[in-house]
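**Student:** Have a look at this one.
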Amino acid sequence: MSLRFYDTSARQVRDFTPLREGRASLYLCGATVQAPPHIGHIRSGVNFDILRRWLEYRGYRVVLCRNVTDIDDKIINVAADEGVEWWEVAERNQRAFTSAYDILGCLPPTVEPRATGHVPEMIELMRRLIDRGHAYPADDGSGDVYFDVRSYSGYGALSNQRIEQMRGACDTDDDRGKRDPRDFALWKGARPGEPSWETPWGRGRPGWHLECSAMSTKYLGGSFDVHGGGLDLVFPHHENEVAQSKAAGDGFAQYWMHNGLLHMSGEKMSKSLGNSLLIPYMIRKVRPVELRYFLAQAHYRSVIDYSDEALYEAAAAYQRIEGFLTRASEVAGTIERPSEVPDAFAEALDDDLGVSPALAVVHNAVREGNTAIAEGAKERISELGGRVRAMMDVLGLDPLSETWGSGGDSGLRDVVDALVAVALEQRQAARQRKDYAAADAIRDQLLTAGVAVEDTPRGPRWELRRG
Ligand SMILES: [Zn+2]
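Following full-length UniProt numbering, the numbering of the sequence shown begins with 1 at its first residue and continues without gaps.
Shown next, in the form of structure tokens:
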């Protein structure tokens with residue numbers, strides 16, 4: 001079977017046929033950097049990181065463009081509240097996003113353009129739209145430039161809505177100078193004390209939608225393969241992007257992929273709830289790799305209902321895989337990662353990126369591997385261990401990789417190993433003199449420090465426990 005994805009625009013699963021053979025161009029709507037990210041924001045980063053990795057596994061050369069919206073009403077408002085410059089707010093939060101993507105093991109995009117660096121491209125796109133009769137500068141001299149939604153017959157097709165049923169865009173003060181309240185702002189005329197850039201139609205700043213059309217076209221061309229983002233962006237953001245680009249004569253995205261949202265107790269996360277889900281807070285509950293596993297395991301189009309229990313369950317599932325690989329390498333030595341994944345795993349990912357069925361294949365291999373360990377079947381252990389590593393690697397989750405394994409913090413791991421060894425020797429000595437209370441006290445103290453000791457036929461082994 002071929003690689004296929006659910007295309008929001010076609011409302012069905014379609015075979016993936018790229019515009020250029022062997023290449024895949026992806027545009028992903030990135031952060032509006034008015035606040036640091038919570039896990040709801042980072043979910044799309046993780047989902048599309050897995051898409052990118054899977055396309056690369058399938059032999060495509062991937063170009064991933066993920067933008068940063070660094071100018072926006074919310075950024076300006078935060079800056080005004082804090083009495084700092086808008087760009088201080090944007091810089092600070094962009095760093096927080098970059099750090100969160102890194103912490104969760106998302107590969108950096110090929111290019112990460114910022115809106116304010118692309119004003120000339122936006123002016124050019126507005127000029128094309130005005131020349132073709134799809135946009136107009138407001139005649140009240142405000143400096144606003146609007147897209148004329150009635151001039152473009154495809155408006156509403158992506159989000160499956162009829163124009164008559166849509167409400168006004170409400171994106172500028174009093175809809176100044178609009179011909180139709182549904183016309184949306186390509187460009188917002190300058191207001192006193194706010195940042196603005198010069199255009200042929202007056203000073204102002206970019207509208208959100210225009211940025212993405214201008215930047216995707218600059219880096220990926222007028223037509224590209226996949227446009228991604230969260231489901232909450234379909235309307236108005238993506239509807240407006242596709243209207244701008246197609247009305248200007250570009251082919252734009254061939255496939256639209258949207259990830260589901262993250263809810264908390266059945267509600268979309270509010271800002272106050274979201275604070276407890278900021279990345280630095282989350283990685284005190286579980287390790288970053290366990291958080292990535294949590295965000296990755298559900299199908300990308302499904303809703304994730306957040307709860308601490310669900311998070312810890314995911315961490316425990318990851319630990320089962322990690323525990324097997326750790327024991328496998330203790331018994332069978334270095335576990336080599338083969339370059340190919342099992343067919344059942346590949347078929348699951350080919351079918352609209354089915355990470356959940358793919359992980360079921362991983363867990364089956366782990367169960368078989370644990371049986372092989374119990375039987376002491378070394379070759380089988382190596383083979384299954386390698387298979388598990390290869391599958392987890394494609395998901396960016398290989399526990400023995402440099403990113404997540406001892407390679408990442410080997411210095412610290414060695415130090416802890418030595419300290420735990422000292423404690424375990426004392427525990428062994430206490431047992432030999434039949435002072436079981438002292439032996440148990442040592443084990444309990446280690447557990448309090450987050451080190452869980454397990455007695456195995458090959459002697460005690462330990463692992464970090466959190467949560
Ligand atoms: Zn966008």
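Just so it is clear, CB atoms sit at the ideal spot from N, CA and C, and this is done for glycine as well.
Candidates 247, 35, 67: which alpha carbon is nearest residue 89's?
**Tutor:** As a first step, residue 89 must be located in the sequence shown, where it is residue number 89. Ranking the options by Cα distance to residue 89, first place goes to 35.
**Student:** Using 7 Å as the cut-off, classify the Cβ of residue 241 as near or not near the heavy atoms of ligand 1, replying yes or no.
**Tutor:** Against the sequence shown, residue 241 aligns to sequence position 241. Yes - ligand 1 has a heavy atom lying nearer than 7 Å to the Cβ of residue 241.
**Student:** Do you know how far the Cα of residue 389 is from the Cα of residue 363?
**Tutor:** The residue labelled residue 363 in the question sits at position 363 within the sequence shown. The residue labelled residue 389 in the question sits at position 389 within the sequence shown. Cα to Cα, the separation comes out at about 12 Å.
**Student:** Suppose the cutoff is 8 Å on Cβ atoms and the five residues either side in sequence are ignored; what does the same chain contact list for residue 405 look like?
**Tutor:** One-based indexing of the sequence shown puts residue 405 at position 405. Closer than 8 Å at Cβ, skipping near neighbours: 398, 399.
**Student:** Bridge partners for residue 38 per DSSP, in chain order?
**Tutor:** The count along the sequence shown starts at 1 and reaches residue 38 at position 38. In DSSP, residue 38 forms a bridge with 278.
**Student:** Spatial neighbours of residue 352 within its chain, please: C-beta separation below 7 Å, excluding the five flanking residues on both sides.
**Tutor:** Within the sequence shown, numbered from 1, the residue matching residue 352 stands at position 352. So the list reads 4, 5, 6, 13, once near-sequence residues are dropped.
**Student:** Look up residue 357 in the DSSP assignment and say whether it is helix, strand or coil.
**Tutor:** One-based indexing of the sequence shown puts residue 357 at position 357. Three-state result, residue 357: helix.
**Student:** Would you check if the segment 196–211 and the segment 221–241 touch, i.e. whether three or more CB-CB distances between them fall below 8 Å?
**Tutor:** Result yes; three or more Cβ-Cβ pairs closer than 8 Å.
**Student:** For residue 471, does the three-state DSSP call read helix, strand or coil?
**Tutor:** The question about residue 471 has no answer here: the residues shown for the chain are numbered 1 through 467.
**Student:** Would you call residue 297 buried or exposed, if buried means 16 or more other Cβ atoms sit within 10 Å of its Cβ?
**Tutor:** The sequence position of residue 297 within the sequence shown is 297, counting from 1. The residue in question, residue 297, is buried, as its Cβ has 16 or more Cβ neighbours within 10 Å.
**Student:** Per the contact definition of three or more C-beta pairs closer than 8 Å, is the segment 308–315 in contact with the segment 271–290?
**Tutor:** Short answer: they touch.
**Student:** Are the CB atoms of residue 118 and residue 214 nearer to each other than 8 Å?
**Tutor:** As a first step, residue 118 is located in the sequence shown; it is residue number 118 there, counting from the start. As a first step, residue 214 is located in the sequence shown; it is residue number 214 there, counting from the start. Yes.
**Student:** Quick test of your reading: residue 26 and residue 62, contact by CB under 8 Å. State the CB separation rounded to the nearest angstrom.
**Tutor:** Residue 26 sits at position 26 when you count from the first residue of the sequence shown. Residue 62 sits at position 62 when you count from the first residue of the sequence shown. Their Cβ separation, rounded to whole angstroms, is 6 Å, which keeps residue 26 and residue 62 in contact under 8 Å.
**Student:** For residue 236, which of 51, 437, 183, 30 has the nearest alpha-carbon?
**Tutor:** The count along the sequence shown starts at 1 and reaches residue 236 at position 236. It is 183 whose Cα lies nearest to the Cα of residue 236.
**Student:** Does DSSP classify residue 228 as helix, strand or coil?
**Tutor:** Locating residue 228 in the sequence shown gives position 228, counting from the first residue. Of the three classes helix, strand and coil, the one that applies to residue 228 here is strand, per DSSP.
**Student:** State yes or no: is the C-beta of residue 31 within less than 8 Å of the C-beta of residue 71?
**Tutor:** Stepping through the sequence shown from its first residue, residue 31 is reached at position 31. Stepping through the sequence shown from its first residue, residue 71 is reached at position 71. No, they are not a contact pair.
**Student:** Which residue or residues does DSSP assign as beta-bridge partners of residue 188?
**Tutor:** As a working mapping, residue 188 is identified with position 188 in the sequence shown. Per DSSP, 205.
**Student:** State the DSSP-derived secondary structure class of residue 288, mapped to helix, strand or coil.
**Tutor:** Reading the sequence shown from its first residue, position 288 is the one you call residue 288. Helix, per DSSP.
**Student:** What residues sit near ligand 1, counting only those whose C-beta is closer than 5 Å to one of its heavy atoms, in chain order?
**Tutor:** Here the residues come out as 29, 212.
**Student:** Taking just the CA atoms, how far does residue 146 sit from residue 396?
**Tutor:** The sequence position of residue 396 within the sequence shown is 396, counting from 1. The sequence position of residue 146 within the sequence shown is 146, counting from 1. Between residue 396 and residue 146, the C-alpha separation is close to 42 Å.
**Student:** Quick check: what's the CA-CA separation for residue 451 versus residue 415?
**Tutor:** Within the sequence shown, the letter at position 451 stands for residue 451. Within the sequence shown, the letter at position 415 stands for residue 415. Whole-angstrom Cα-Cα distance: 13 Å.
**Student:** Measure the Cβ-Cβ separation of residue 108 and residue 60 and say whether it is below 8 Å.
**Tutor:** Residue 108 sits at position 108 when you count from the first residue of the sequence shown. Residue 60 sits at position 60 when you count from the first residue of the sequence shown. In this structure, residue 60 does not lie closer than 8 Å to residue 108 by Cβ.
**Student:** Distance, Cα to Cα, residue 305 vs residue 357?
**Tutor:** Locating residue 305 in the sequence shown gives position 305, counting from the first residue. Locating residue 357 in the sequence shown gives position 357, counting from the first residue. Between residue 305 and residue 357, the C-alpha separation is close to 19 Å.
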